[in-house]
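For reference, the structure discussed in these notes is given below.
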Amino acid sequence: MKYTAVFTPEETGGYSVVIPALSGCISQGDTFEEALANIKEAAELYLEDLKESEIPEEKTPIVVSPVSVRL
303 MKYTAVFTPE ETGGYSVVIP ALSGCISQGD TFEEALANIK EAAELYLEDL
353 KESEIPEEKT PIVVSPVSVR L
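This is how it looks when you write it as structure tokens:
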């Protein structure tokens, strides 16, 4: 299965990452590659705990865009 993962660079270094379609499936890593490996492992463990009928599909694409706001 494929899911969209959202990676956020952290100010202190490294990345946090979340898979929005898998509620609560989050991870992090010191590098992008480590964060990617960690979120794959987290997703696999997350899905192992579900019954096959409960495994969510990513039905709609996720759109990420910067938003300008006035101060």
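End of the sequence shown sits at 373 in my numbering; the numbers just go up one at a time, nothing left out. All C-beta atoms, glycine included, are put in the ideal place defined by N, C-alpha and C.
#1: So, helix, strand or coil for ILE357, using DSSP?
#2: Taking 6 Å as the limit between beta carbons, can you name the residues of its chain near THR310, skipping five residues before and five after?
#3: From the DSSP output, in three-state form, read off TYR348 for me.
#4: Kindly indicate which three-state DSSP category ILE328 falls into: helix, strand or coil?
#5: Nearest CA to the CA of VAL308: which residue from GLY316, PRO358, VAL366 and LYS353?
Inspection of the coordinates gives the following:
#1: Of the three classes helix, strand and coil, the one that applies to ILE357 here is coil, per DSSP.
#2: SER318, listed in sequence order.
#3: Helix.
#4: Under the three-state reduction of DSSP, ILE328 is assigned to strand.
#5: Checked all of GLY316, PRO358, VAL366 and LYS353; the closest Cα to VAL308 is VAL366.
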